[in-house]
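Enquirer: After the structure tokens below, expect a handful of questions from me.
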Amino acid sequence: MTGSEVPPQFRLAYVPGVTPTKWVRIWNERLPDVPLTLVPVSPAEAPGVLRAGGADAGFVRLPVDRTELSAIPLYTETTVVVVPKDHIVAAVEEISTGDLADEIVLHPLDDTLGWESLPGRPAIERPATTADAIELVAAGVGVLVVPQSLARLHHRRDLTYRPVTGAPESRVALSWPEAETTPDLVEEFIGIVRGRTVNSTRGRKQDPAPASAQPKGKRPEKAAGAARKAAKPAPGKGARGGSGGTKGAKSTGRGKPRRGR
Numbered sequence: 149m150t151g152s153e154v155p156p157q158f159r160l161a162y163v164p165g166v167t168p169t170k171w172v173r174i175w176n177e178r179l180p181d182v183p184l185t186l187v188p189v190s191p192a193e194a195p196g197v198l199r200a201g202g203a204d205a206g207f208v209r210l211p212v213d214r215t216e217l218s219a220i221p222l223y224t225e226t227t228v229v230v231v232p233k234d235h236i237v238a239a240v241e242e243i244s245t246g247d248l249a250d251e252i253v254l255h256p257l258d259d260t261l262g263w264e265s266l267p268g269r270p271a272i273e274r275p276a277t278t279a280d281a282i283e284l285v286a287a288g289v290g291v292l293v294v295p296q297s298l299a300r301l302h303h304r305r306d307l308t309y310r311p312v313t314g315a316p317e318s319r320v321a322l323s324w325p326e327a328e329t330t331p332d333l334v335e336e337f338i339g340i341v342r343g344r345t346v347n348s349t350r351g352r353k354q355d356p357a358p359a360s361a362q363p364k365g366k367r368p369e370k371a372a373g374a375a376r377k378a379a380k381p382a383p384g385k386g387a388r389g390g391s392g393g394t395k396g397a398k399s400t401g402r403g404k405p406r407r408g409r
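Last residue of the sequence shown? That's 409 in this note's numbering, and every number before it is there in order.
Below, the structure written as structure tokens:
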């Protein structure tokens, strides 16, 4: 490697609530020579980080502007309401947005649900972040409606959550710049996320095995042909008990002599 060459690397952005651990593990198994660096970003700043080249790809929350970014929707999250454990909502398995009519519903500035009309009653001020809103819920100020992954991320022993019907849902997608500088690596990561096997034709092309790893002086397909050829009986030497055994006996003089009539 010359001084002007830069070793390959892959930078993966991800928003709160997304856990990329499984995909990172598979990447490290398949491409141990290409380091993967995680770049945590907020949902609002994720598209800008990708456009500016701060990451090669990223897990984002839809919608994103498709003008300069490509995106593959991956899954849709369940929406839940976070409440204190002694709240009346904790006694049921599921509620609707209409059930929150009398509640103060907190609406943080980093909200990811994109409400058209927020249920319940608004708080005097909007919390700056979801983490701030969680603290207010714990203090008994109000309740918070979020994607389930964020409720898990900010889990507290004194809080719980329940699914909410009639609320917007958050969709998570894998996104990358259309003018990416590492198309092969992006394609490799797309394959990992989509569950392609290591032998997939759309995955990264594997380097041919070195000569020392191949059969002595033979290409694998020639070695296989030689093995098949060696397995065939030589002319004039039939296997015992087979139909060719009698023919072999006559040609070599080793067959059982016939009795004279």
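Glycine is no exception: its CB is placed at the ideal position from the N, C-alpha and C atoms.
Quick one: what does DSSP say Gln157 is sitting in, helix, strand or coil?
Expert: Along the sequence shown, one-based indexing puts residue 157 at 9. Gln157: coil per DSSP, three-state reduction.
Enquirer: Closer than 8 Å by C-beta to Tyr223: which residues in its own chain qualify, once you throw out the five before and the five after it? Chain order, please.
Expert: For the purposes of this step, residue 223 is taken as residue 75 along the sequence shown, with counting starting at 1. Here the set comprises Arg319, Val320.
Enquirer: Is Thr226 helix, strand or coil by DSSP?
Expert: Residue 226 sits at position 78 when you count from the first residue of the sequence shown. Note: Thr226 maps to coil in three-state DSSP.
Enquirer: If you scan the region 272-350 from start to end, which runs of the beta strand (DSSP E) of 3 or more residues do you find wholly inside it?
Expert: The region 272-350 contains, as complete beta strand (DSSP E) runs of 3+ residues, the segments 291-295, 307-313, 319-325 (chain order).
Enquirer: DSSP state of Ala238, grouped into three classes?
Expert: Position 90 of the sequence shown holds residue 238. In this structure, DSSP gives Ala238 a helical state, which the three-state scheme calls helix.
Enquirer: How would you write the range of the beta strand (DSSP E) that Pro188 sits in, first residue to last?
Expert: Here residue 188 is taken as the residue at index 40 of the sequence shown, counted from 1. It spans 184-188 - the beta strand (DSSP E) in which Pro188 sits, taken as one unbroken run.
Enquirer: From the DSSP output, in three-state form, read off Pro191 for me.
Expert: Working through the sequence shown from its first residue, we reach residue 191 at position 43. In this structure, Pro191 counts as coil in the three-state DSSP scheme.
Enquirer: Assign Leu257 to buried or exposed, taking buried as 16 or more other Cβ atoms, counted over all protein chains shown, within 10 Å of its Cβ.
Expert: The residue given as residue 257 occupies position 109 in the sequence shown. By the neighbour-count rule (16 or more Cβ atoms within 10 Å), Leu257 is not buried but exposed.
Enquirer: Is it the case that the region 201-216 contacts the region 281-289, given that we only count it when at least three CB pairs across the two stretches are under 8 Å?
Expert: With a cut-off of 8 Å, the region 201-216 and the region 281-289 do not count as touching, because too few Cβ pairs lie within range.
Enquirer: Could you check what DSSP says for Val172 in three-state terms: helix, strand or coil?
Expert: Taking the sequence shown and counting its residues from 1, one reaches residue 172 at position 24. Of the three classes helix, strand and coil, the one that applies to Val172 here is helix, per DSSP.
Enquirer: Could you tell me the distance, in whole angstroms, from the CA atom of Pro156 to the CA atom of Leu261?
Expert: Stepping through the sequence shown from its first residue, residue 156 is reached at position 8. Stepping through the sequence shown from its first residue, residue 261 is reached at position 113. One C-alpha to the other measures close to 36 Å.
Enquirer: Quick one: Cα of Gly196 to Cα of Pro325, how far?
Expert: The sequence position of residue 196 within the sequence shown is 48, counting from 1. The sequence position of residue 325 within the sequence shown is 177, counting from 1. Answer to the nearest angstrom: the Cα atoms are 10 Å apart.
Enquirer: Identify the continuous beta strand (DSSP E) that holds Val212 and give its terminal residues.
Expert: Within the sequence shown, numbered from 1, the residue matching residue 212 stands at position 64. Per DSSP, Val212 belongs to no beta strand (DSSP E) and is neither H nor E.
Enquirer: Give every residue of the same chain whose Cβ lies closer than 8 Å to the Cβ of Gly187, excluding the five residues on either side of it in the sequence, and list them in chain order.
Expert: Counting from 1 along the sequence shown, the entry for residue 187 is found at position 39. Reading off the sequence, residue 187 comes out as Val, not Gly. Same-chain partners within the cutoff: Arg159, Leu160, Ala161, Tyr162, Val197, Gly202, Ala203, Gly206.
Enquirer: Going by beta-carbon coordinates alone, are Gly290 and Leu254 separated by less than 7 Å?
Expert: Here residue 290 refers to the residue found at position 142 of the sequence shown. Here residue 254 refers to the residue found at position 106 of the sequence shown. Closer than 7 Å, so yes.
Enquirer: For Leu248, which three-state DSSP category applies?
Expert: One-based indexing of the sequence shown puts residue 248 at position 100. Helix at Leu248.
Enquirer: Between the C-alpha atoms of Arg199 and Asp250, what's the straight-line distance to the nearest angstrom?
Expert: Taking the first residue of the sequence shown as 1, we reach residue 199 at position 51. Taking the first residue of the sequence shown as 1, we reach residue 250 at position 102. Roughly 42 Å separates the two Cα atoms.
Enquirer: Of the choices Leu307, Thr185, Phe337, whose alpha-carbon is the least far from that of Ile220?
Expert: Numbered from 1 along the sequence shown, position 72 holds the residue referred to as residue 220. Selected option, being the one with the closest Cα: Phe337.
Enquirer: With the cut-off set at 7 Å, would you say Val346 and Arg173 are in Cβ contact?
Expert: For this step, residue 346 is matched to residue 198 along the sequence shown. For this step, residue 173 is matched to residue 25 along the sequence shown. No, Cβ-Cβ distance for Val346 and Arg173 is not below 7 Å.
Enquirer: State the Cα-Cα distance for the pair Thr226 and Gln296, rounded to the nearest angstrom.
Expert: As a first step, residue 226 is located in the sequence shown; it is residue number 78 there, counting from the start. As a first step, residue 296 is located in the sequence shown; it is residue number 148 there, counting from the start. Rounded to the nearest whole angstrom, the CA to CA distance from Thr226 to Gln296 is 6 Å.
Enquirer: Only counting the same chain, and skipping five residues up and downstream in sequence, which positions put a Cβ closer than 7 Å to that of Thr278?
Expert: Working through the sequence shown from its first residue, we reach residue 278 at position 130. Pro256, Asp258, Val294, Leu298, His302, listed in sequence order.
Enquirer: For Val229, count the other beta carbons within 10 Å of its own beta carbon; 16 or more makes it buried, fewer makes it exposed. Which is it?
Expert: In the sequence shown, residue 229 corresponds to position 81, counting from 1. Per the 10 Å Cβ criterion, buried.
Enquirer: To which residues of the same chain is Gly263 closer than 7 Å at the C-beta, ignoring the five residues directly before and after it?
Expert: Start at 1 with the first residue of the sequence shown, and residue 263 comes out as number 115. The sequence as given places Trp at residue 263; Gly does not occur at that position. Excluding residues within five positions, the ones whose Cβ falls inside 7 Å are Pro316.
Enquirer: Is it the case that the Cβ atoms of Ser265 and Thr313 are separated by a distance below 7 Å?
Expert: Position 117 of the sequence shown holds residue 265. Position 165 of the sequence shown holds residue 313. No.
Enquirer: Measure the Cβ-Cβ separation of Arg300 and Ala286 and say whether it is below 7 Å.
Expert: For the purposes of this step, residue 300 is taken as the residue at position 152 of the sequence shown. For the purposes of this step, residue 286 is taken as the residue at position 138 of the sequence shown. Cβ atoms of Arg300 and Ala286: not closer than 7 Å.
Enquirer: My output table needs one value for Val231: the three-state DSSP class, helix, strand or coil.
Expert: For the purposes of this step, residue 231 is identified with residue 83 of the sequence shown, where counting begins at 1. Strand.
Enquirer: Please report how far the alpha carbon of Pro311 lies from the alpha carbon of Leu217, in whole angstroms.
Expert: Numbered from its first residue, the sequence shown carries residue 311 at position 163. Numbered from its first residue, the sequence shown carries residue 217 at position 69. Going from the Cα of Pro311 to the Cα of Leu217 covers about 32 Å.
Enquirer: Report the residue from Val237, Pro164, Arg344 whose alpha carbon sits nearest the alpha carbon of Glu193.
Expert: Your numbering for residue 193 matches position 45 in the sequence shown. Glu193 has its Cα closest to that of Pro164, out of Val237, Pro164, Arg344.
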